[in-house]
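Data first, discussion second: the structure below is written as C-alpha cells.
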Amino acid sequence: MKTHGPAVRQSDVPWVTMPYTFASESVNETTDDGFEGLDMADDDFLGLQTAEGFDVVYETDETGNRRAKIVKLNETNKRKQKQKEAPIKPYPAEPIKKRKVDDDEDVGAMLQAARERGILEQDDTGDDGKEDADASAPGWAPYALHPVLKKAMVALGFNTPTDVQAATLPPSLGTDAMPPRDVVGVAQTGSGKTLAYALPILQYILENTAHSQDPARSLEALVLTPTRELALQVCSHIRAVVEAGGRFANVAAICGGMSVQKQERVLLQHGGAHIVVATPGRLWDMIKHDDALALRVRRTRFLVIDEADRMIEAGHFAEMDLLLQMVRRTKGAAADANPDMQTFVYSATMSKALQTNLKRALWRKKQRREAEPSNTLDDLLARVDFRDAEPVVIEMATQRHVADTLYEAKMECVGQDKDAYLYYILLRYPGRTLVFVNAIDGVRRLVPLLTLLGIPAYPLHGQLQQQQRLKNLDRFRRAPHAALLATDVAARGIDIQGVDHVVHFQVPRSADTYVHRAGRTARAGREGVSIALIEPSELRLWRAIWQALERQDTVPTMPVEYTFLTPIRERLALARDIDALSHAQTKESHDDHWLRSLAREADVEYESDEEPDPDANVSHHRRHSSTKARVAQLKAQLAHMLSRPLQARGMSQKYLTSTTRPGYVHALLEGRHAPHMLGMTRSKIHDDMSAKKQRT
Numbered sequence: 001m002k003t004h005g006p007a008v009r010q011s012d013v014p015w016v017t018m019p020y021t022f023a024s025e026s027v028n029e030t031t032d033d034g035f036e037g038l039d040m041a042d043d044d045f046l047g048l049q050t051a052e053g054f055d056v057v058y059e060t061d062e063t064g065n066r067r068a069k070i071v072k073l074n075e076t077n078k079r080k081q082k083q084k085e086a087p088i089k090p091y092p093a094e095p096i097k098k099r100k101v102d103d104d105e106d107v108g109a110m111l112q113a114a115r116e117r118g119i120l121e122q123d124d125t126g127d128d129g130k131e132d133a134d135a136s137a138p139g140w141a142p143y144a145l146h147p148v149l150k151k152a153m154v155a156l157g158f159n160t161p162t163d164v165q166a167a168t169l170p171p172s173l174g175t176d177a178m179p180p181r182d183v184v185g186v187a188q189t190g191s192g193k194t195l196a197y198a199l200p201i202l203q204y205i206l207e208n209t210a211h212s213q214d215p216a217r218s219l220e221a222l223v224l225t226p227t228r229e230l231a232l233q234v235c236s237h238i239r240a241v242v243e244a245g246g247r248f249a250n251v252a253a254i255c256g257g258m259s260v261q262k263q264e265r266v267l268l269q270h271g272g273a274h275i276v277v278a279t280p281g282r283l284w285d286m287i288k289h290d291d292a293l294a295l296r297v298r299r300t301r302f303l304v305i306d307e308a309d310r311m312i313e314a315g316h317f318a319e320m321d322l323l324l325q326m327v328r329r330t331k332g333a334a335a336d337a338n339p340d341m342q343t344f345v346y347s348a349t350m351s352k353a354l355q356t357n358l359k360r361a362l363w364r365k366k367q368r369r370e371a372e373p374s375n376t377l378d379d380l381l382a383r384v385d386f387r388d389a390e391p392v393v394i395e396m397a398t399q400r401h402v403a404d405t406l407y408e409a410k411m412e413c414v415g416q417d418k419d420a421y422l423y424y425i426l427l428r429y430p431g432r433t434l435v436f437v438n439a440i441d442g443v444r445r446l447v448p449l450l451t452l453l454g455i456p457a458y459p460l461h462g463q464l465q466q467q468q469r470l471k472n473l474d475r476f477r478r479a480p481h482a483a484l485l486a487t488d489v490a491a492r493g494i495d496i497q498g499v500d501h502v503v504h505f506q507v508p509r510s511a512d513t514y515v516h517r518a519g520r521t522a523r524a525g526r527e528g529v530s531i532a533l534i535e536p537s538e539l540r541l542w543r544a545i546w547q548a549l550e551r552q553d554t555v556p557t558m559p560v561e562y563t564f565l566t567p568i569r570e571r572l573a574l575a576r577d578i579d580a581l582s583h584a585q586t587k588e589s590h591d592d593h594w595l596r597s598l599a600r601e602a603d604v605e606y607e608s609d610e611e612p613d614p615d616a617n618v619s620h621h622r623r624h625s626s627t628k629a630r631v632a633q634l635k636a637q638l639a640h641m642l643s644r645p646l647q648a649r650g651m652s653q654k655y656l657t658s659t660t661r662p663g664y665v666h667a668l669l670e671g672r673h674a675p676h677m678l679g680m681t682r683s684k685i686h687d688d689m690s691a692k693k694q695r696t
C-alpha cells in the first residue's frame, strides 16, 4: 500500500499548483462526479495546491500510531527549506484529455479556440467571413444567419433549409426594416421544426452573449416540450449545431426520470445554461425550490412551446399555466418579465376538431360553450403573453395533414386475428416497425409473444423507468429489423431515424393522435408506410377520424397472401401457450419469494397455506417440474416451426422449379426472395399496393 506523505516529503521536487477541471462541467457532457479526468494509476490528486510557510511533522502518539502535524515555519527555517529545494522548473500542466472545455474559459475563448482549429474564420463576423460562409453554404446565403451557423448546418449535412425553415426564419430573425416577430408555425411532422426555432435563438447568442464576460448569464431561451423523450431529442439536436459551430453555447435538458441534483449542476455550469429544454412538471418542481432559477425563467429572452396542441390541452399540464404566468408582464412588479421576449410556438396540428376524443363523441352528444375558443391558436392568444400584437402565423401543413411521401394502408379483420396480421407484416416486410397500441397492457402482452416468435421487440410506455426507455429506443435505432411496441408516449415529436412502417394495432381515439403516430415515419423527405388494423367495432371510429381530417376514406387495403395465415395462427397459438405457462410459473415463484422475504424481515417462520405438509411440498415441486418440462417441450416445438419458412400455396421445398409463381426461381437465384416466406420475393408495401391497384 502506497504512503503518499513520506514519498512527497522525501522528494526534491517542489510543490506546484496544478489546474484541474471537472469532466461533468464540460459544455455538452455531464457525469456524476469529477474524477473522470484523473489518472489514478499515476497517483493524481484532486486540487493539489501549494501551502507556503508551513511544514508537516510526523509524531508517534501513545498508542504507537503516527500522526501528521502541520507547523508554521519561522524565517530561518524557510530559508533553509528553500536551500534544500532543487531549482527545478516545473513542466507546464497538460490539459486533461477527456475534457471538452476548461471550467474557466468563457464563450469568447471557445470561439477563439474554434478559430484556431480552423472551424471558424478569424474574421467570422466581417464581410470576408460572411462571403466565405455564403460560398461554402450557398443554400443558406439568402438568410441573415451568422457565418458560424451556416457552416455548422452544412457540416451537419443540411445544405438547404426545409420549407418550414425557409418560411419562418425571415420573420424570426428580422431585418433592418422589420424587427424579429413572434411566430406560430404549423407544419407536418418531420419537416424540421426544431431547427426552425433553434437557429434564431443561436443567432442571438452568437451576436449578443458569445463574448460576454458576465459570470452570471441570463437564460436566453426556454423550450417546453410535453414528453421526456422529446426534451432529450430537442436538446440533442441543438447541441449538434453548437458542437459543429465550436461549442459557443450551453444547452441543458430538464426532465423527469433523472437526478434532480445532477440537473441542478448542469444549470450552474459556466454561470448557467444559455438554453434550457424542459418538461413543465420537472421544471416547475425545481423552480419552487430555486428562486434564482425562477428569476432566470422570468427574464428569459425566448420562449418556445413545442407540440403546442398537446401542451395546452385543458387538464394535461397544470404546471404549464403556472410557467406561462411567470413570463407574463406584470405592472409594477419588482422583477418584471423580459419585455423583449420572443415567443415561438410550433406544432403539427392546431385544430380542436382533430384533438376531440372521437370515441367519446360517438356515444355522447357534443357540448360546446359559446365562449369556448374555436381552435388552439385562440387558446394560445388567450394564455400566452405574446409581445407581438399580431404574431406571424405560418401554416405549412398539407391538406392530408401528413407527409406527401407517406403511404397509408388499412386491413380490416376480426379482433382475434390482429396478432396474426401484425406478425405477417413483420415477416413479409422486415425493417424498423413502430407499433402503436392504446394501453400499456397491449404492450405487455405483445412484446413476449413477438420475442418468442423470433422478432426483436422492445416496449416503450410511461411506466418504464427513464433509463430503460432510452435503452429500448437506442436498441431499436441500432437494429435493422425490429419492432418497437409503444403507447402514444412515442407519438409526440420523437424523431427515430429510419422507421419504415407504423402500425396502428388499435385505431387511435382522435384524428390528432393518428397524424402524430403516422408522422413517426416518412420524415425529412423519406418514404414510409402507415398501416391501420381495424376490427369491426372500430369502423365507426375510423370513419370519424377521416371525417375530422376532412378526407374521404380512400385508403387502400393492404395486400395479404392469405395462405400464410393458417401456419401463422399455429405459431401464435404455441407462443401464447408458452407465454401463459411461463407467466404463471414466474408469478407463483415471485409470490412465494415475496412472502418468504416478508417472513424473514419479520423474523417469523414461513409456512405456506398451500403446503401444510411435506407431501404437499413434494407435490408442488413435481407440479413445478412438470410445468417447466411442458414449457421446454413447447419451445422446442415452436423452434422447429420457426426453423422452416412459411410455404405459399403451390410451392414445394423439394421441387422449387415446379412452382407456378412466375419469376420466383430467378429471384431465388439473385437473392431477392423473402427468406421467411417460401414463394415470396422481397418488396415494399407501397409497391405491392400499386401492383394490386393496377391489377384491379
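Numbering (the UniProt record's numbering), first residue to last: 1 to 696. Quick reminder that beta carbons are idealized off the backbone N, C-alpha and C, glycines included.
CB of residue i within 8 Å of CB of residue j, strictly
| i | j | result |
| --- | --- | --- |
| A575 | L449 | yes |
| P226 | M326 | no |
| T487 | A518 | no |
| L267 | A252 | yes |
| V489 | H516 | no |
| L473 | M677 | no |
| V223 | A152 | no |
| H501 | I425 | yes |
| V148 | S136 | no |
| Q188 | H401 | yes |
| A524 | G157 | no |
| L485 | P456 | no |
| L324 | V384 | yes |
| G256 | R282 | yes |
| F302 | M341 | yes |
| L581 | R630 | yes |
| residue 697 | W546 | The chain is shown from 1 up to 696; residue 697 falls before or after that span and cannot be answered. |
| residue 697 | E307 | Residue numbering for the chain in the displayed model covers 1 to 696; residue 697 lies beyond these limits and cannot be assessed. |
| H672 | R661 | With the sequence shown as reference, residue 672 is identified as Arg, and His is not the correct amino acid for it. In this structure, R661 does not lie closer than 8 Å to R672 by Cβ. |
| R329 | T279 | no |
| R475 | I496 | no |
| A221 | V345 | no |
Limits of the unbroken alpha helix (DSSP H) element including residue i
| i | result |
| --- | --- |
| E264 | 260-268 |
| K684 | Looking at the DSSP string, K684 is not in any alpha helix (DSSP H), and its letter there is neither H nor E. |
| A198 | 193-208 |
| V148 | 147-155 |
| I312 | Here I312 belongs to no alpha helix (DSSP H), and DSSP marks it neither H nor E. |
| I496 | Taken as a continuous stretch (DSSP letters only), I496 belongs to no alpha helix (DSSP H), as it is neither H nor E. |
| A166 | 163-173 |
| Y424 | 418-428 |
| A518 | 511-518 |
| V665 | 664-669 |
Residue range of the unbroken beta strand (DSSP E) whose run includes residue i
| i | result |
| --- | --- |
| F344 | 342-347 |
| P459 | 457-460 |
| F436 | 432-436 |
| I254 | 251-254 |
| A479 | Element bounds for A479: n/a, residue is neither H nor E. |
| A278 | 275-278 |
Beta-bridge pairing of residue i - partner residues as DSSP gives them
| i | result |
| --- | --- |
| A639 | The partner list for A639 (beta bridge, DSSP) is empty, contrary to what the question assumes. |
| residue 734 | As shown, the chain starts at 1 and ends at 696. That puts residue 734 outside it, with no answer to give. |
| S530 | E408, V502 |
| M677 | L646 |
| V184 | V345, V393 |
| A135 | Its beta-bridge partners do not exist; DSSP assigns none. |
Whole-angstrom C-beta distance between residue j and residue i, which should lie under 8 Å
| i | j | result |
| --- | --- | --- |
| G139 | P161 | 7 Å |
| I275 | Q263 | In fact, because the Cβ distance is near 14 Å, the residues do not count as touching under 8 Å. |
| I394 | A167 | 5 Å |
| M396 | V184 | Not quite, the Cβ-Cβ distance comes to about 11 Å (not below 8 Å), so this is no contact. |
| A522 | A403 | 4 Å |
- Message: Taking contact to mean 3 or more Cβ pairs, one atom from each stretch, closer than 8 Å, check whether the segment 376-387 and the segment 524-540 are in contact.
- Response: no
- Query: Can we say the segment 632-652 touches the segment 555-567, given the rule of at least three CB pairs closer than 8 Å?
  - Reply: yes
- Sufficient close CB pairs (3 or more, under 8 Å) joining the segment 508-517 to the segment 426-439: yes
- Item | Contact the segment 193-212 vs the segment 229-244: 3+ CB pairs below 8 Å | yes
- Message: Three or more C-beta pairs under 8 Å: does that hold for the segment 405-416 against the segment 539-558?
- Response: yes
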